[in-house]
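Asker: Using my numbering, you'd call the opening residue of the sequence shown number 93 and step up by one each time.
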Amino acid sequence: MKDFWNERYANEEFAYGTEPNVFFKQQLDKLKPGKLLLPAEGEGRNAVYAAAQGWEVTAFDMSVKGKDKALQLAKLKGVDITYEVIGVEEFKSDEKFDVIGLSFVHFPVEIRKKAHQHLLQFLKVGGEVIFEGFAKAQLGNASGGPKNAAMLFSIEEIKEEFSLLEFKILEEKTIDLSEGDYHKGKAEVIQFVGVSK
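1. Less than 6 Å between C-beta atoms, sequence neighbours within five positions excluded: which residues of the same chain meet that for Ile178?
2. My parser needs the alpha helix (DSSP H) runs of 4 or more residues fully inside the region 180-218; what are they?
3. Is DSSP giving Glu148 helix, strand or coil here?
4. Taking the continuous beta strand (DSSP E) assigned at Gly286, which residues delimit it?
5. Flag this pair as touching only if the region 161-170 and the region 124-139 have three or more C-beta atom pairs under 8 Å; answer yes or no.
6. According to DSSP, simplified to helix, strand and coil, what is Ala227?
7. Does the separation of the CB atoms of Ile282 and Phe245 fall below 8 Å?
8. Return the first residue and the last residue of the alpha helix (DSSP H) that Glu111 is part of.
9. Give the straight-line distance between the Cα atoms of Ile192 and Val201, rounded to the nearest whole angstrom.
10. Do the region 269-280 and the region 225-235 meet, that is, are 3 or more Cβ pairs less than 8 Å apart?
11. Give the straight-line distance between the Cα atoms of Glu220 and Leu256, rounded to the nearest whole angstrom.
12. Less than 7 Å between the CB of Lys188 and some heavy atom of the ligand MN, yes or no?
13. Does DSSP put Glu133 in a helix, a strand or coil?
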């Protein structure tokens with residue numbers, strides 16, 4: 093997987109654009125800035141946007157190329173972000189975060205539930221998870237996402253994998269994606285905002 097993402101992020105263009113994910117931005121803008129964790133953050137579009145709004149941002153990804161692009165974007169926008177190259181299972185922090193943002197983060201099936209539960213330990217009580225991912229119904233659409241149904245989400249899987257959260261929003265919907273070259277067109281997604289109990 094590391095090679096896949098390094099290759100995708102190797103081009104000069106930003107694979108998913110430089111603007112933040114729409115749902116992430118909408119939800120983040122409702123909150124008072126604090127500490128934000130962005131796992132599998134890729135080229136940094138959400139991290140850089142959040143930092144510009146006054147958030148203290150910690151991001152990580154397994155891709156060195158992703159980090160390079162994220163730091164390049166941060167410099168361009170005149171903001172600071174902390175960015176580690178590490179896998180989700182290895183990520184550790186002494187911090188507790190106000191928000192964890194997961195935008196189209198599709199971990200491999202064999203680690204997914206464990207990875208999500210690992211991340212939740214870094215969320216403050218009362219902290220929020222802002223999530224958008226491709227639903228099972230996305231399979232067959234050309235607008236992006238894994239081609240393996242098991243890596244896509246159902247509402248039931250979300251409830252099970254994030255059982256420690258109380259959901260403020262949890263819905264499956266059709267949206268129009270316009271995020272760089274790889275997320276374009278009609279897409280079936282699940283969006284949620286969950287609060288740590």
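Virtual Cβ for every residue (Gly too), placed ideally from N, Cα, C.
Answerer: From the atom records:
1. Phe152
2. 201-212
3. strand
4. His275 to Ser288
5. yes
6. strand
7. yes
8. It is not in any alpha helix (DSSP H) - Glu111 carries neither H nor E in the DSSP assignment.
9. 20 Å
10. yes
11. 11 Å
12. Of ligands this structure carries none, so the ligand MN is not represented either.
13. coil
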